[in-house]
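Enquirer: Residues in the sequence shown are numbered from 640 upward in steps of one, following the working numbering. Backbone N, C-alpha and C fix where the C-beta goes; we use that ideal spot for every residue, glycine too. Handing you a structure now.
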Amino acid sequence: MEYDEERQRPVVAPAAKPARAPEPPHPLLALQQGVGNAVVSRAMLARNRNMIQQQYDDARKERETFVAAGKKGPQTYNPSTNNAANYYGGFDVEYEPTKGELNVKLKGAVAFQDGMTLSAAGRAQAVEPSAQTAAAAAAINKLPKAARAAEVAKWTWSSNGGPDASDETDLLTGFKSSVEATWREKHPFHCTKNYWEDLGATTKINVEVAKVANAAGKAGDQHMLVNTFKVAKGFVGGSADVSRTGGATGSPFNNIMNITSEDVVPRKDGLLESKVSFQAGKGLLTPRSVGTVWRLAKEMPNAAPGSTIETANLTVKVQGKDAAQRKDRFDAVVDHLNQGGKVDASRVTMVEDGEGEAGTIVVGDGNAQTVAAHEAGHMFGLDDEYTGGGAYGAGKKTEHTDFAAAAGHTGAMHAKSDSIMSEGSVVRPHHYVTFLDALKQVSGMPDWDYGAAKPVKEPDGMGDFPTPGTDPGVPGGAAKEPETALA
Ligand SMILES: [Zn+2]
């Protein structure tokens, strides 16, 4: 989070749901089994049957009252409140029981800033703080003086004289649409209270971003100031990050996000693809490509034993003169990925790619990330998952690892992957952990978990527990309960 390195970094199958405890046995069934047939009197059964019916009726009535009371919230969610490791983010949340919707609202004030300016002496001066923009300015300054203004103009918002007419509107609409499309409706929740399980929560995302003249223009109810630096169209580079004034004890309305004008479209630097080449006529990688594969493997450790969060798999597209050579080359890639026990062979799949000497290794689904959607993940209270130095070392915990584990999703770690908080765009179940927490807070009850709402059956409607001595008359002619089961 404090790293300023988004640029150097960022499956489709949804992760398995956390293991769930088996449904408890029906109380009446337990009674029948536990106490013994001989002593279970009809009176007892009738009494328990009434008790169960009463529990059901009470629960349904309570649920009805809860729903009829209407919308819960809105209120502000601070990701630091329940996650001690968090120090950034904030959003508003409300729950609409009648619609079964959890509404997440993220509000931002967007300050448009030119990425580069032209000095009085006619020199390009980088404003956007990354090394790549500094390099672009240096390249412009090598041009004849008369040619520089037109180049610097490409780093200037249209409202300040730049050539891209709709750039500010494009930024605002692109920000909203990319964040909403990435994050909405990914993993349903349901209420876990007995006989409330048909109460669900689908997460809706509403991003409201509006232009402000400068930082002072940010309103108190906006969660973030978005400094948006104009860069030339198609530029690859620039910084992106989220921080919060005051850190863990700061206000959920005091976040600062830095992005560039290219961060609301998919990134173009192919982070999830590695090119390799093979030795001519052989089944071996070139020495240089061996290094590429080793570095990749180091960034993609196998999941720790017992982890419920899936790791990204790899697909290797292999060229070669025939199927046998392609297979040899694939095996060479697998061997090098596996050296040191980094990447299990079971995570690697081969794709035939015709004749030639090249190969491509794709991480997960390979889909490019839109940086604004990743940065929004920080606003939702999630840490980076990509790899780097220090605390970002491959396999190390993130700042949401323990928090997600407490909600049943174990093994979140820094690793190269197609996850939204790593280098891709996949929102996995554990990325919804703060939404689950927000739902608990705003609804005023802790009884929520992952998984879609499910039908609630009225106890007597089940037909499984006949009144003693009577023929249950199961509809459809299904076998009835053996009469000998009851005294
Ligand atoms: Zn990040």
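Which one of 905, 965, 944 and 962 has the shortest CA to CA distance from residue 1008?
Expert: The option with the nearest alpha carbon to residue 1008 is 905.
Enquirer: Whole-angstrom Cβ separation of residue 841 and residue 740, contact assumed at under 8 Å?
Expert: Rounded, the Cβ-Cβ distance is 6 Å, consistent with contact.
Enquirer: Are the Cβ atoms of residue 1127 and residue 953 separated by less than 7 Å?
Expert: Beyond the ends of the chain as shown, which are 640 and 1126, falls residue 1127; an answer cannot be given.
Enquirer: Which one or two residues does DSSP pair with residue 851 in a beta bridge?
Expert: 750.
Enquirer: Using CA coordinates, which residue listed in 843, 797 and 792 is at the minimum distance from residue 816?
Expert: Checked all of 843, 797 and 792; the closest Cα to residue 816 is 843.
Enquirer: Cβ of residue 1023 versus every heavy atom of ligand 1: is any distance shorter than 6 Å?
Expert: Yes; taking the cut-off as 6 Å, the Cβ of residue 1023 has a heavy atom of ligand 1 nearer than that.
Enquirer: Taking just the CA atoms, how far does residue 801 sit from residue 737?
Expert: Cα-Cα distance, rounded: 48 Å.
Enquirer: Give every residue of the same chain whose Cβ lies closer than 7 Å to the Cβ of residue 1072, excluding the five residues on either side of it in the sequence, and list them in chain order.
Expert: Answer for residue 1072: 1039, 1042, 1043, 1046 and 1048, listed in chain order.
Enquirer: Tell me, which residues are paired with residue 828 by DSSP?
Expert: Paired residue(s): 840 and 1089.
Enquirer: Less than 7 Å between the C-beta atoms of residue 919 and residue 853, yes or no?
Expert: Not in contact: residue 919 and residue 853 (Cβ atoms no closer than 7 Å).
Enquirer: Who are residue 864's beta bridge partners in DSSP?
Expert: Partner(s): 748 and 895.
Enquirer: Tell me whether residue 934 is buried or exposed, calling it buried when 16 or more other Cβ atoms sit within 10 Å of its Cβ.
Expert: The residue in question, residue 934, is exposed, as its Cβ has fewer than 16 Cβ neighbours within 10 Å.
Enquirer: Using the DSSP secondary-structure output, state which residues sit across from residue 905 in a beta bridge.
Expert: For residue 905, which the question treats as bridged, DSSP gives the partners 1009.
Enquirer: I'd like to check one pair, residue 727 with residue 932: are the Cβ atoms closer than 7 Å?
Expert: It is not a contact, given that the beta carbons lie outside the stated cut-off.
Enquirer: Using the beta-carbon count (16 or more within 10 Å), is residue 1100 buried or exposed?
Expert: Residue placement at residue 1100 is poorly supported in this model, since its pLDDT is 46, which falls under 50; the coordinates are not used for a value here.
Enquirer: Ignore the nearest five residues each way along the sequence and tell me which others in residue 983's own chain have a CB closer than 8 Å to its CB.
Expert: Within the same chain, residue 983 has close Cβ partners 941 and 977.
Enquirer: Per DSSP, which residues does residue 924 bridge with? Please list them.
Expert: Answer by DSSP bridge pairing, in chain order: 917.
Enquirer: Leaving out five residues on either side along the sequence, give the residues of the same chain with a beta carbon under 8 Å from the beta carbon of residue 834.
Expert: If we look at residue 834 and ignore the five residues flanking it on each side, its Cβ neighbours are 694, 695, 698, 699, 702 and 1095.
Enquirer: Residue 870 and residue 859: beta carbons closer than 7 Å?
Expert: No, Cβ-Cβ distance for residue 870 and residue 859 is not below 7 Å.
Enquirer: Kindly indicate which residue of 892, 769 and 846 has the alpha-carbon position closest to the one of residue 857.
Expert: Minimum Cα distance to residue 857 is reached at 892.
Enquirer: Where does residue 1018 sit, in a helix, a strand or coil, going by DSSP?
Expert: Note: residue 1018 maps to helix in three-state DSSP.
Enquirer: For a quick check, are the C-beta atoms of residue 603 and residue 839 less than 7 Å apart?
Expert: Residue 603 cannot be examined here, being either before or after the span of the chain that is shown, 640 to 1126.
Enquirer: For residue 1060, report the span of its alpha helix (DSSP H) as first-last.
Expert: It is not in any alpha helix (DSSP H) - residue 1060 carries neither H nor E in the DSSP assignment.
Enquirer: Just to confirm my understanding: we take residue 798, look at its own chain, exclude 5 residues before and 5 after, and list those with CB closer than 8 Å. What are they?
Expert: Counting only Cβ-Cβ distances below 8 Å, and skipping sequence neighbours, we find 751 and 807.
Enquirer: Give me, in chain order, the residues of the same chain whose beta-carbon lies closer than 6 Å to that of residue 742; leave out the 5 immediate sequence neighbours on both sides.
Expert: Cβ within range, chain order: 733 and 843.
Enquirer: Taking the alpha helix (DSSP H) that residue 1084 belongs to, which residues open and close that run?
Expert: Run containing residue 1084: none; DSSP gives neither H nor E here.
Enquirer: Going by C-alpha distance, which of 692, 900 and 1069 is nearest residue 948?
Expert: When each option's Cα is compared against that of residue 948, the closest is 1069.
Enquirer: Check the DSSP bridge columns for residue 714 and list the partner residues they point to.
Expert: DSSP output for residue 714 lists 732 as bridge partner(s).
Enquirer: For residue 953, report the span of its beta strand (DSSP E) as first-last.
Expert: Looking at the DSSP string, the run of the beta strand (DSSP E) that includes residue 953 is 953 to 957.
Enquirer: Relative to the C-alpha of residue 899, which residue among 874, 708, 851 and 757 is closest?
Expert: For the residues 874, 708, 851 and 757, the minimum Cα distance to residue 899 belongs to 874.
Enquirer: Figure out for me which residue from 810, 959, 913 and 1076 has the closest Cα to the Cα of residue 748.
Expert: Closest option to residue 748, Cα to Cα, is 810.
Enquirer: For residue 961, which of helix, strand or coil comes out of DSSP?
Expert: Coil, per DSSP.
Enquirer: How close, in whole Å, do the beta carbons of residue 746 and residue 862 come, if the pair is a contact with beta carbons under 8 Å?
Expert: At roughly 5 Å, the Cβ-Cβ gap stays under 8 Å, so residue 746 and residue 862 are in contact.
Enquirer: What does a CB cutoff of less than 8 Å around residue 993 pick up in its chain, not counting 5 residues either side in sequence?
Expert: Taken in chain order, the residues that qualify are 958.
Enquirer: From residue 962 to residue 990, what distance separates their C-alpha atoms?
Expert: Going by the C-alpha atoms only, they are around 11 Å apart.
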